[in-house]
C-alpha cells in the first residue's frame, strides 16, 4: 500500500465513522453547526486572507495566468460571500428523513422509502477555495461526510477555510472527521481517491475539462459530473423574433465561460428572420462559425469546420447551422450534443412539446435562455454540480442529489408464506 | 478493435437508435407489444421446449449439476409462467412521463422533473432462461432498450425466447433492436459489455456471487447489483417470543437459498427465552454456529469461526451471537453486514425506530421476516434485482429504478439577468 493509498484509506475510514455519527444528528444541530462555521469564517478573516496572500504570491511566482489568479483570490468581500453561502445552505430544508412514498401491500407490511444521506463524498477541485466551504456545507447539511481535495495552488487558503469549517461543527459536537481536507497536494492523492471504492461513495469533480476527463477515466468510484456543456438553441420556424434574439444573445453572451452557455445555434430554414438574429449576435461581439446557408446571410460569419459542432468554446464564439424542422434539429443535437441543456424557441406549443420530449438532455427548455441551467435558478438553493450522466441525479444537483433512501418496513410479526 | 468489442459496439449503437425510437412509444403501444410477446411465447411452445431439450442434453453431457440443470429446464408449466410474467409486466403502470415534482422559482420559469427511460440496459445472467423474457419485458415496459447476455448453457432456449419477444414487439411496430441477445457465448463478450460506457448505461448482473463479483470488478459501466445478502435478525430484549420464533425460523428456513434469507441471528443478552428460539431453529433442521454464550444454551450448536460472521451460507446454517442492546447489534451489523436487509424483533417501538434509523441497510424491518425482501412483496409488481449500492436505486428495483428524469423548463422568453 503506498502512502497515498494508506492516507486515503485512513481518511475514508474516519469519514465512514463520522458519517455513522452524523446520521444521529438532527436538522437543528446540522444547521447550527453550519451557522457556527460561517461565524468562524468571519472570525478567522485575518488568518484566511493571510493564507490566501501566501497562495497568491506563490502562484504569481510560478507563473499562474490572470484568470487562474482571479479564481484563487479571496478578499474581504469574497470571504463574506463564502460565509453567507454557508449560512444559506444552513437555511435550506434538510432532505434527510423525508418520506418519499409509503405503501401497504396485501401482506400487511407497511413500507416507506425514507431519504438518508449518501455516505462519504469525495470532492476534487481546482483553484477556487470557496469550494472548500461550499462543498463541506452541502455535504454536512445532507448528513454526509466529505473528503475535500483542492488544488495545490490553493492549499493554504483551503487549510484556513477548512479549519474554520471544522471548528464550527466541532462547536456543535458534530464529528470533526465529517469534513476532511487531503493535505497531500500531489496527483497521486487524487488517484487514491478515485480508487477508494467501499470507502468513498461518490466523487464529484469541480473544475475544467481535463480534470473531469481524468476523473471519469480513472475512477472506480461512481462520478457525478458533466464533461461538456455543448448547449444548443434551436430557433423554430414559428419563433417570436424578439424572443429569439433576446434568448440567443443572452444564452451566448451573458457569461460565455459557464457550462450553460449556448455553443451552437440551430435556425430553422423556414424561420423568417435569420439575418437580424445573426446580426444581433455579431453586434454583441460574438463570432459566428456557420454552414453555407448561414454564411450566405452575413459576410461577417466564417466557415464552421466539422470539429466546431462538437466544441465547447466557452468564449464569444458560436457555431450556427440551418436545419429543417424539429427532426433535423434533434438529429444534430443527438449527434453533437452533450446531454446538458438544449432549448427550443417557438410559439408552436406542439413543436415545443415534441422537442422537449425527444431531446435526450438533462435539461430541456422552451423559450428561455440556457444560462438558467443552474441549481440556484432552479430553486434548489445551491448547487454542488450539474450531472449529464443518466444515473442517480441529472441536471443541477443540490442536497437531494446527495441523498439516497432506505426501505423502512414495519410489520406485526409477519412471516412469508 | 476485437470482434467482441465491435459486436457489442454495433449492438450498442443499434440499441441507442431503438431507444430513441421507443421514447416516442405510448404506454398502450408498449403494453400491447408485451402482450403480443406473451402470446408469441405460447405460440412458439414447441420450438422453445425443443430448444430447451437440446440445451439440457448438452448440459447433461457436460456434467452440469442437478441444481443448475433444474434452473435451466423449461417445461410447459414454466413456459406458461414465463408468458404470464410478461403479461404481468405489461399490466404494470408505465413510469415514463410521470411528473416527479414541479416548481416555479421567482425567475418566472416553470420547472418539472419528468421521468424518462434510463437508456440502454445490459443484463448479464446465468442459466435461467426465464430472465431473457423477464428482463426484456421490464426493460421495454419502462422504455429502455436491453442487451441480453445469458449463459452459454442456455443459448438455444434464450434464442427461442428472444425470437418470440422480438416478434411480439415487431408486431406492434416497435423497434426490434430494443431487445437484443448477444449470440457469442464466450466470456469476452461479457468483457466487452462491461467496458461499453457511452453505449450501455447500466449493467445488471443476475446470478451467483462469482458473476456479480466479476462484473463489479471489471465494469466501467455503472452496475446495479448486490454481491451478498448477509441478512441479520436481531431479537431485542422486549421481543415477543412467539413472533421471534416464527420470524427467525421463516427468515432462515422458508427458502435458504435466496438473498433475503437470514444468515446471522443476534440475540439480546436480556432476551428471556433464547433457548426455545435456538431449539425451534434446530428442530426445523437448521445448524447453528454460535459464540460461547450461544453454545452454552444448547449442546447441539457448534462453534462459530470469525469467518462465519461474514458468510452467506444460502443453506440451513445460521451463525448466532449474543449482543448487548441495540448498539452492539448495530456494531456487529456494520462490521459484518452487506447492507441488504436487517431486521429487529421487539415490542419496544423506540428501540425499533432507533435500529431502523441507524442500520445502514437498503431494507430495515421491524417484526417481519427478511424473506419479504422482494420486489413483488414490496408491491412493485416485479423485480429486476436488488441493489445494495447507494446510488440511483436501493433495495428491490423494478420499473422506476429503470428510469431517470429530465428537467423540463417552460418559459415565456426569459433571459438571465
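Chains as they are written, first to last, in our numbering: chain A, 1 to 417; chain B, 1001 to 1417. Glycine included, C-beta positions come from ideal geometry on N, C-alpha and C.
Query                                                                                                                                                                                                             : Result
So if I threshold CB-CB distances at 7 angstroms, which residues from the segment 155-180 of chain A count as touching chain B?                                                                                   : none
DSSP beta-bridge partners for residue 407 (chain A)?                                                                                                                                                              : A:113, B:1363
Alpha carbons only, please: which of B:1030, B:1128, B:1059, B:1314 is nearest the one belonging to residue 1168 (chain B)?                                                                                       : B:1030
Kindly identify the DSSP beta-bridge partner or partners of residue 1262 (chain B).                                                                                                                               : B:1231
Short check: CB of residue 1305 (chain B) to CB of residue 1227 (chain B), under 8 angstroms?                                                                                                                     : no
Compile a chain-ordered list of the residues in the segment 362-375 of chain A whose CB is closer than 7 angstroms to at least one CB of chain B.                                                                 : 362, 363, 364, 365, 366, 367, 368, 369, 371, 372
If we cut at 8 angstroms on Cβ distances, does residue 398 (chain A) have a partner in chain B?                                                                                                                   : no
Taking all protein chains shown into account, decide if residue 1099 (chain B) is buried (16 or more other Cβ within 10 angstroms of its Cβ) or exposed.                                                          : exposed
Taking a contact to mean a Cβ-Cβ separation below 8 angstroms, would you say residue 1179 (chain B) touches residue 1165 (chain B) in this structure?                                                             : yes
Quick one: what's residue 1322 (chain B) bridged to in DSSP?                                                                                                                                                      : B:1267
Do you know how far the Cα of residue 1090 (chain B) is from the Cα of residue 1044 (chain B)?                                                                                                                    : 19 angstroms
Using a Cβ cut-off of 8 angstroms (strictly closer), state whether residue 54 (chain A) contacts chain C.                                                                                                         : Protein chains A and B are contained in the structure displayed, whereas chain C is not.
On the criterion of 16 or more Cβ atoms from any shown chain inside 10 Å, does residue 396 (chain A) qualify as buried, or is it exposed?                                                                         : buried
Tell me which residues share the same chain as residue 315 (chain A) and place their Cβ nearer than 7 angstroms to its Cβ, disregarding the 5 neighbours each side in the sequence.                               : 256
Measure from the C-beta of residue 1107 (chain B) to each C-beta in chain A and report whether the shortest distance is under 8 angstroms.                                                                        : yes
Taking residue 121 (chain A) as the reference, give the member of A:360, A:97, A:149 with the closest Cα.                                                                                                         : A:149
First and last residue of the alpha helix (DSSP H) that includes residue 1105 (chain B)?                                                                                                                          : It is not in any alpha helix (DSSP H) - residue 1105 (chain B) carries neither H nor E in the DSSP assignment.
Under 7 angstroms, CB to CB, which of the residues in the segment 34-50 of chain A have a partner in chain B?                                                                                                     : none
Given that a residue counts as buried once 16 or more other Cβ atoms are within 10 Å of its Cβ, and exposed if not, what is residue 1350 (chain B)?                                                               : exposed
Kindly list the residues whose CB is nearer than 7 angstroms to the CB of residue 1381 (chain B), restricted to its own chain and excluding five residues on each side of it in sequence; keep chain order.       : 1088, 1092, 1398
What residues in its chain sit with their C-beta under 6 angstroms from that of residue 212 (chain A), if we drop five residues either side in the sequence?                                                      : 205, 225, 227
Starting from residue 1278 (chain B), trace the alpha helix (DSSP H) both ways and give me its first and last residue.                                                                                            : 1274-1283
Would a check of beta-carbon distances place residue 392 (chain A) closer than 8 angstroms to chain B?                                                                                                            : yes
Got a sec: is the Cβ-Cβ distance from residue 1202 (chain B) to anything in chain A below 8 angstroms?                                                                                                            : yes
Quick check: the segment 150-157 of chain A against the segment 49-58 of chain A, are there 3 or more CB pairs under 8 angstroms?                                                                                 : yes
Taking residue 1020 (chain B) as the query, report the chain A residues whose CB atoms sit under 9 angstroms from its CB, ordered along the chain.                                                                : 330, 334, 358, 360
What does the Cβ neighbour count give for residue 141 (chain A), buried or exposed, with the cut at 16 atoms within 10 Å?                                                                                         : buried
Identify, in the order they occur along the chain, each residue of the same chain with its Cβ nearer than 8 angstroms to the Cβ of residue 54 (chain A), setting aside the five sequence neighbours on each side. : 156
Please check the pair residue 1409 (chain B) and residue 1109 (chain B), which I expect to be a contact at CB under 8 angstroms, by giving their CB distance rounded to whole angstroms.                          : 5 angstroms
Does the Cβ-Cβ distance between residue 1267 (chain B) and residue 1281 (chain B) come in under 8 angstroms?                                                                                                      : no
Just to confirm my understanding: we take residue 321 (chain A), look at its own chain, exclude 5 residues before and 5 after, and list those with CB closer than 6 angstroms. What are they?                     : 266, 291
Helix, strand or coil, according to DSSP, for residue 314 (chain A) in the structure here?                                                                                                                        : coil
Please report whether the beta-carbon of residue 246 (chain A) lies at a distance below 8 angstroms from any beta-carbon of chain B.                                                                              : yes
Do you know how far the Cα of residue 301 (chain A) is from the Cα of residue 1197 (chain B)?                                                                                                                     : 37 angstroms
Tell whether a beta-carbon distance below 8 angstroms holds between residue 1325 (chain B) and residue 1271 (chain B).                                                                                            : no
Output the distance between the C-alpha atoms of residue 1127 (chain B) and residue 131 (chain A), rounded to the nearest integer angstrom.                                                                       : 49 angstroms
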